[in-house]
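Residue numbers (our numbering): 75 to 119.
Note that the Cβ used here is the ideal one computed from N, Cα and C, for glycine as well.
Quick caveat, the model's predicted, so the values are computed rather than measured.
Structure first, then comments.
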Amino acid sequence: PAIPFYQGMGFEPEGEEFLDAGIPHQHMVLNLQRDGKDACIKGHL
């Protein structure tokens, strides 16, 4: 499974799992902080 792999790099699941083309996916978020400001990278697996 991909989720534990990405969690190991600091990503966290966001929201509910969903199906895309019949395949389960999960939105993942990586929160970053730069120059005291929050930034965020989002994607789905």
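Checklist entry - Any idea if residue 83 is buried or exposed, counting beta-carbon neighbours within 10 angstroms, 16 or more meaning buried? => result exposed
Item to check | residue 175 to residue 104 span [Cα, whole Å] | outcome: Since the first and last residues shown for the chain are 75 and 119, residue 175 lies out of range.
Checklist entry - Quick one: what does DSSP say residue 79 is sitting in, helix, strand or coil? => result helix
Next on the checklist: Which residues does DSSP list as the beta-bridge partners of residue 92?
Outcome noted: 99
Item to check | CA-to-CA distance, residue 87 to residue 106, given in whole angstroms | outcome: 15 Å
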